[in-house]
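I have placed the structure first, in the form of structure tokens, so that the comments after it can refer back to it.
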Amino acid sequence: MRTRGVSTRPLAVILSLTLVLMAALAAPVGAQTFQDSFNGALTNTTGVGANNCSRLGGPAGTGGPFGPQLGAICNPAFINGATTSSGSLSVDARGQGEQEVLLRRLRERQAGTAASADAPGGLRGLGVFATAAYQTFDKDVTRFEPGYSRDTWGGTIGADYFLFGGKGLIGVAFGYFHQDGAFDSKGGNFDTDAYGPTFYGSILVYPNLFVDLYAGYTRRDYTINRRYSFAMNGGPQIPSAIAHGDTHGDEAKLGVNTGYDFHFGSLTVGPRFGLNWKENHIHSYSETGGIGLELAYDDQHQTSFTSNLGAFASMAFSTGIGVFVPQATWEWVHEFLNDQRVTYFHFVQDLGQRRFRFQNDPPDRDYFNASLGLTLVLPNGLAPFVNVSQFFGYNNQSSTTVTAGLRFSF
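Read in our numbering, the sequence shown has 334 at position 187, and its numbers run on one by one without any break.
Right, dumping it as structure tokens:
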């Protein structure tokens, strides 16, 4: 006996097809590591006897329209090739940012305001400062990126001026930082020079309520040496080779941070909230090396927009030398925009310029920053300071930064 009513079979079929289509769209298309893309372009695609480098698009059996070294490597007589490559141009890790130094500088000026009652020279109209910074950074090996370690040295010089009876501050600073890094397992090395100006300011919009702002530009000069090896059965053997690349990038940044200070005698505590935007552009470039496996990379773009929510505390201790002001900051950082990026490349000696792609690590959405510092406000307007900061809770990455400097108020 058949049951009256509308059959549910067509609806079930449509629903199943819809779910399959949604799953296909949601899955990453061609998600590959740099290693997979590099190796896959040069090895067989259809089994023993197939033309090597067939993914490069050359006519089967001809070796493709290649330059001389790549043509020799991709000769169809050499089958079952194997390649390895270490290092990646998707180096995109946290670095020592000038805005971090400047925001600490503003906190020091605010601490100087609290200390000025005990040190008459601690708060003046014009101030100049200089800082030196060192950062150590380590990243573990992940699915999409190699592991590496990096050291950063640099510093910032700047000047600022109090306005409106100490209720406003404007300033400009210039920073320079050099990064020197090495990939794990002798996979190569890289270094970066970063330099540029940053403009900043602060205003006391209400008693104990302030707003800090900054805007800046950073030029970055990149150098990377990618180490790789290559072996073909009956063909060329390259136990170790270096592909060298040079390029530059541009970074623009904007930010606003606000806070409210509660004063309990010599103790100052208060919440902090900030929004920070950064746009990073790495220009296209081609590697050199003369082996035939050098790569050319397309432009790379990265946009980051983060919020910072945390707390600040400081306490002034008056002594015969001056006023010691220890400070502490803790904040939770949330990333809104920075997504897992795709980088496109082709082999320099592939005349057809067949493009391949690889992805970097998906960035963490949430992590934390913590710092401890000490400022000594002297009666003659000098104020040496030191700060140690660290971020934690970021997957497979760790970093510690030490900053020391001196400011002078006229």
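Where a beta carbon is used, it is the ideal one built from N, C-alpha and C, also for glycine.
Under the DSSP assignment, I220 falls in the alpha helix (DSSP H) whose first and last residues are 215-220. By the neighbour-count definition (other C-beta atoms within 10 Å, threshold 16), D486 is an exposed residue. A Cβ-Cβ distance of about 7 Å is found for the pair Y369 and G396, placing them in contact under the 8 Å criterion. Taking 8 Å as the cut-off, the Cβ atoms of N507 and V480 do not count as close.
DSSP lists N455, Y514 as the bridge partner or partners of V480. L356: not part of any alpha helix (DSSP H); member of the beta strand (DSSP E) spanning 356-378, first to last residue. Distance between V472 and T415, taken at the CA atoms: about 10 Å.
For A551, the uninterrupted beta strand (DSSP E) run begins and ends at 544-556, by DSSP. Our two residues, N186 and F357, have alpha carbons roughly 55 Å apart in a direct line. Between A277 and I304, the C-beta spacing is below 8 Å. Residue range 181-189 is occupied by the alpha helix (DSSP H) that includes F181, with no beta strand (DSSP E) assigned at that position.
By the Cβ test, the segment 314-333 is in contact with the segment 289-305, since at least three Cβ pairs between them sit closer than 8 Å.
Between Y323 and T345, the gap from beta carbon to beta carbon reaches 8 Å or more.
K286 and T405 have their alpha carbons spaced roughly 32 Å apart. If you check the CB distance, A530 and R554 come in under 8 Å.
Cβ contact annotation for M462 (same chain, cutoff 8 Å, sequence separation greater than five): S413, L414, T415, V472, P473, in chain order. For S332, there is no enclosing beta strand (DSSP E), as DSSP gives it neither H nor E. The beta carbons of T283 and S546 sit closer together than 8 Å. Under the Cβ criterion (8 Å, minimum of three pairs), the segment 491-500 counts as touching the segment 423-441. As a beta-bridge residue in DSSP terms, E426 pairs with A399, T450. G439 counts as buried, since at least 16 other C-beta atoms from the protein chains shown sit within 10 angstroms of its C-beta.
In this structure, V533 lies near A551, with their beta-carbon atoms less than 8 Å apart. In the three-state reduction of the DSSP assignment, F291 falls in the coil class, being assigned neither a helical nor a strand state. Cβ-Cβ separation between D327 and D340: approximately 10 Å, too far for a contact (criterion under 8 Å). With a contact defined as Cβ atoms closer than 8 Å, G335 and R374 qualify at about 4 Å.
For the 8 Å CB-CB criterion, Q447 and T476 do not form a contact. The criterion of a C-beta distance shorter than 8 Å is satisfied by E426 and T450.
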